[in-house]
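To start, the structure under review is shown below, and the notes come after it.
2 protein chains.
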Amino acid sequence: MTEILKGSLVAKKIKESMAERIKELESKGKTSTIGVVRLGSDPSDISYEKSIIKSCEKLGIKSIVYEKDENISTDDLMQFMDVLNKNDYISGILLFRPLPKHIDEERIRTSISPDKDVDCMHPLNLELIFEGDMEGFAPATPKAAMEILIHNNIELEGKNVVIINRSMVVGKPLAMMLLQKNATVTICHSRTKNLEELTRNADIVVTALGKAKYFDKKYFTEKSIVIDVGVSLDREGNLSGDVDFDSVSDFVEAITPVPGGVGSVTTTVLLNQVVKACFRQLTEDR
Amino acid sequence: MTEILKGSLVAKKIKESMAERIKELESKGKTSTIGVVRLGSDPSDISYEKSIIKSCEKLGIKSIVYEKDENISTDDLMQFMDVLNKNDYISGILLFRPLPKHIDEERIRTSISPDKDVDCMHPLNLELIFEGDMEGFAPATPKAAMEILIHNNIELEGKNVVIINRSMVVGKPLAMMLLQKNATVTICHSRTKNLEELTRNADIVVTALGKAKYFDKKYFTEKSIVIDVGVSLDREGNLSGDVDFDSVSDFVEAITPVPGGVGSVTTTVLLNQVVKACFRQLTEDR
Chain A
70 MTEILKGSLV AKKIKESMAE RIKELESKGK TSTIGVVRLG SDPSDISYEK SIIKSCEKLG
130 IKSIVYEKDE NISTDDLMQF MDVLNKNDYI SGILLFRPLP KHIDEERIRT SISPDKDVDC
190 MHPLNLELIF EGDMEGFAPA TPKAAMEILI HNNIELEGKN VVIINRSMVV GKPLAMMLLQ
250 KNATVTICHS RTKNLEELTR NADIVVTALG KAKYFDKKYF TEKSIVIDVG VSLDREGNLS
310 GDVDFDSVSD FVEAITPVPG GVGSVTTTVL LNQVVKACFR QLTEDR
Chain B
70 MTEILKGSLV AKKIKESMAE RIKELESKGK TSTIGVVRLG SDPSDISYEK SIIKSCEKLG
130 IKSIVYEKDE NISTDDLMQF MDVLNKNDYI SGILLFRPLP KHIDEERIRT SISPDKDVDC
190 MHPLNLELIF EGDMEGFAPA TPKAAMEILI HNNIELEGKN VVIINRSMVV GKPLAMMLLQ
250 KNATVTICHS RTKNLEELTR NADIVVTALG KAKYFDKKYF TEKSIVIDVG VSLDREGNLS
310 GDVDFDSVSD FVEAITPVPG GVGSVTTTVL LNQVVKACFR QLTEDR
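Residue numbers (the numbering used here), protein chains in the order written: chain A, 70 to 355; chain B, 70 to 355.
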């Protein structure tokens, strides 16, 4: 029988460990606080923001939203980042992306203090991921995929993992995290020719293509463990992963559902990094 | 018949293009200059240094060697790096590695100006490689492997490339460079289980294991293109690659020899980056 790898169970475990650390911080007079910076009022930003605020309330993390004009200049945004960097009450900064086109993202991402960069935008934090250093901040989505694998005790050492995505927010950092766990990693993308052969030969397949129900049964075997990072709308307008869940969910060994899989762990991972940032700042204060 | 991918031909082509750019710089009053920093007098450092000086002389690049006591402190070495950073005559800095154990490499590598970091030690330059930005400085060995593939017009798009190495100086940056050329990349290492199957299914295999003659015929097919980055001594004390060259050189489609393959391109790649650095500094001066 196919095991359904639910994100909620993983998120619950992470939250339990967070609760203890948040209490410990409180006992030392520190409140984990996320500064959320939103430019303009894009509906998907606002929806994400609401879910963050709600999660923060449940966990005992303070959230402060800074809404800025979407026409803010790069210089002004950099200056604002510096204000947040210097504000001792802010543990971590989340700047919603994608940024408006006129903003120079390269300058912005280096203007966030690496110590408060809980969304892993700063090149110095990304380089640590490249090196396989897992002590720092990681991009939330690949980290959530890792948490699902690890919490479900899925063996990674020596396993063949195929990742279908080569972006800096999913595929590449995930490859580095898996290498660090001694998996053999193949990075695939739109130009990959024999994808079906590669996925069928893999022990674990991570898809992040963004095409609803693209992968059916023929891409997998009965031993496949499938982590579906894709989120898009299917023809009927329903949220769907990259994998045709109904066609493979009684066939593969294990699969994450969409919704309810990787996506339901990312916010927890992000907030966990806010708590981590707060802890670090506590240690540095001493 | 197996094609032998000689490094010397590739190095020659790169040097021809360098010669023109060095002349152009000279006409503008700029001399490409490498500052070589050696701690102590390890024989292999001195041997590498001599070959760099010789190559520089042939190309019209100025080389200045700074020999420092091997017991120099991290702080003093950082200060010296800053002296070189500020010296307008130095285009690029090469600090021999491995560094003595008492040196804090993390602090040293961030003390080299990213603009003079021709050996790609600085995290900001490594992060650019991670992103697939090929305009900056790259680690010389993987870049040399790429030059051999590109100068020999070996198709990379959609090809399956297996890399046997996951280090920050070879495997990981090479994977990023190959992804940028639209290859499908698999990163293998000591914990990889079915290596023979993986290499046989690949179009291109890059080995950087450091075990003389480890890979024999059974790892390859008649269509394999083999890039051998390994350099070690075989039982008879001769320089050897990872691949048992004699057993496969009449079998695979193409292979780089050792010596005379990748290693004979690395110094040229490094010096090419010195010229690149000099050009950039010229542009910035204006």
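Ideal placement from N, C-alpha and C gives every residue a C-beta, glycine not left out.
Check	Outcome
Own chain, CB closer than 7 angstroms to A/Ser356, minus 5 neighbours either side, in chain order	Here chain A has residues from 70 to 355 only, and residue 356 of chain A is not among them.
Residues that A/Leu308 bridges to, as DSSP identifies them	A/Leu302
B/Val321 and B/Glu353 closer than 8 angstroms at C-beta	no
Backbone CA spacing between A/Asp166 and A/Glu174 [nearest angstrom]	Sequence inspection shows Arg at residue 166 of chain A; the Asp mentioned does not correspond to that position. Taking the straight line from one Cα to the other gives about 10 angstroms.
Closest by C-alpha distance to B/Asp184, when choosing among B/Ile103, B/Ile122 and B/Ile273	B/Ile103
Secondary structure of A/Ser318, DSSP reduced to three states	coil
8 angstroms Cβ shell around B/Lys82 - same chain, five flanking residues per side excluded	His220
Proximity to B/Lys127 [Cα-Cα], best of B/Lys345, B/Leu351 and B/Leu340	B/Leu340
8 angstroms Cβ cutoff met for B/Ile133 and B/Val343	no
Min CB distance B/Ile256 to chain A below 8 angstroms	yes
Distance, B/Leu146 Cα to B/Asn222 Cα	42 angstroms
For A/Asn341, the three-state DSSP class (helix, strand or coil)	helix
Chain B contact for A/Thr102 (CB, 8 angstroms cutoff)	no
Contacting residues, own chain, Cβ-Cβ under 7 angstroms from A/Asp303 (five flanking each side not counted)	Ala281, Lys282 and Ser309
Outcome for B/Asp319 when other beta-carbon atoms lying within 10 angstroms are tallied against a minimum of 16	exposed
Touch test, the stretch 242-251 of chain A against the stretch 251-262 of chain B, Cβ-Cβ under 8 angstroms, three pairs minimum	yes
Interface partners of B/Leu248 on chain A, CB under 7 angstroms	Arg235 and Ile256
CB contact below 8 angstroms: B/Arg178 versus chain A	no
Euclidean distance between Cα positions of B/Tyr288 and A/Ala214	33 angstroms
Terminal residues of the beta strand (DSSP E) in which A/Glu136 lies	Lys131 to Lys137
For A/Asp66, the three-state DSSP class (helix, strand or coil)	For residue 66 of chain A there is no data in the structure shown, the boundaries of chain A being 70 and 355.
Near-chain B residues of the stretch 181-202 of chain A (beta-carbon distance less than 7 angstroms), N- to C-terminal order	Pro192, Leu193, Leu195, Glu196, Phe199 and Glu200
Beta-bridge pairing of A/Thr15 - partner residues as DSSP gives them	This structure cannot settle anything about residue 15 of chain A, because the visible part of chain A is limited to 70 through 355.
Pairwise C-alpha distance: A/Thr143 and B/Ile177	31 angstroms
Length at least 4, wholly inside the stretch 120-187 of chain B: the alpha helix (DSSP H) runs in chain order	143-155 and 174-180
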